[in-house]
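Numbering (my numbering), first residue to last: 1019 to 1253.
Even glycine gets a Cβ: it sits at the ideal position worked out from N, Cα and C.
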């Protein structure tokens, strides 16, 4: 069943359209990677899916019982976010606000946060200050935070950007494991090799648009060209 359906979307900002007539579906359990050239509209699409901006045209429908507050989001980090002066526990627990919008945390929120901390191997870091962690540890903290909002759908914006190869592989493994447990994944990636390795579906946006399985993408002109180049430019 489709958890998100995008119909004839037009996307842009400041009155300038950068994506026209985009239609695709994401089904429960899918692992969708969004790829494309620099400035193609990947991050604009992500913000629109999150409801942070409105499409210039078309519609976004949710299904399979997905509520607007049941979307976990792991954004690209800024330097200000990396220096956030809070403990791992506080950062992860704050993810529960996206789901409940309460001014306080109850016992269920704390149970969920602790469970996600344990699942992502962060128990020994629970009282550490977030800004003292390595880049890979910070990303795992933010992933645990995103999971506090949902067990249905995660939106990830370049989650491995700036990480070394070993930590990148570990984070990809965690995301793959979550997907195997039933969490639907939508991830922006500039790493085409990893996209076609882990994803079930590819959405390529730019001058031309492709949506389909990764097998179909690799057999297409667009997928074959990008694979030979070794990746896509970051947006």
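Give me, in chain order, the residues of the same chain whose beta-carbon lies closer than 7 Å to that of residue 1042; leave out the 5 immediate sequence neighbours on both sides. Stepping through the chain shown from its first residue, residue 1042 is reached at position 24. Its chain contains 1024, 1221 and 1229 as the residues whose beta carbon lies nearer than 7 Å to that of residue 1042, once the 5 sequence neighbours on both sides are disregarded; these appear in chain order.
Rounded to the nearest angstrom, what separates residue 1235 and residue 1039 at their Cα positions? Taking the first residue of the chain shown as position 1, residue 1235 is located at position 217. Taking the first residue of the chain shown as position 1, residue 1039 is located at position 21. Computed Cα separation, rounded: 19 Å.
If you count every other CB in all the chains shown that lies within 10 Å of the CB of residue 1239, and 16 or more means buried, which is it? In the chain shown, counting from the first residue as 1, residue 1239 sits at position 221. Its Cβ having fewer than 16 others within 10 Å, residue 1239 is exposed.
Let me know the secondary structure DSSP gives residue 1121 once reduced to three states. Residue numbering aside, residue 1121 sits at position 103 when the chain shown is read from its first letter. Residue 1121: coil per DSSP, three-state reduction.
Are residue 1224 and residue 1055 touching if we call contact CB-CB under 7 Å? Within the chain shown, residue 1224 is the residue found at index 206, counting from 1. Within the chain shown, residue 1055 is the residue found at index 37, counting from 1. Going by C-beta atoms, residue 1224 is nearer than 7 Å to residue 1055.
Residue(s) in a DSSP beta bridge with residue 1219: Numbered from 1 along the chain shown, position 201 holds the residue referred to as residue 1219. Bridge partners of residue 1219: 1050 and 1231.
With distances taken Cα to Cα, identify the nearest neighbour of residue 1146 among 1103, 1088, 1076 and 1191. As a position in the chain shown, residue 1146 is number 128, starting the count at 1. Among 1103, 1088, 1076 and 1191, the Cα nearest to that of residue 1146 is on 1103.
Does DSSP put residue 1225 in a helix, in a strand, or in coil? The residue labelled residue 1225 in the question sits at position 207 within the chain shown. Coil at residue 1225, not helix or strand.
For the 8 Å Cβ check, are there 3 or more pairs between the region 1154-1164 and the region 1083-1094? Using a C-beta cut-off of 8 Å, the region 1154-1164 makes contact with the region 1083-1094, since at least three inter-stretch Cβ pairs fall below that distance.
Does the Cβ of residue 1251 have 16 or more other Cβ atoms within 10 Å, making it buried, or fewer, making it exposed? For the purposes of this step, residue 1251 is taken as residue 233 along the chain shown, with counting starting at 1. Low confidence applies to residue 1251: its pLDDT is 40, below 50, so where it sits in the model is not reliable, and the reading given next is rough at best. So residue 1251 ends up on the exposed side.
Out of 1136, 1178 and 1135, point me to the one whose CA is closest to residue 1153's CA. As a working mapping, residue 1153 is identified with position 135 in the chain shown. Checking every option, the nearest Cα to that of residue 1153 belongs to 1178.
Between residue 1212 and residue 1048, is the Cβ-Cβ spacing less than 7 Å? Indexing the chain shown from 1 puts residue 1212 at position 194. Indexing the chain shown from 1 puts residue 1048 at position 30. Pairing residue 1212 with residue 1048 gives a Cβ-Cβ distance that is not under 7 Å.
Among 1053, 1131, 1077 and 1052, nearest to residue 983 - alpha-carbon criterion: Because the chain is modelled from 1019 through 1253, residue 983 falls outside the range shown and cannot be assessed.
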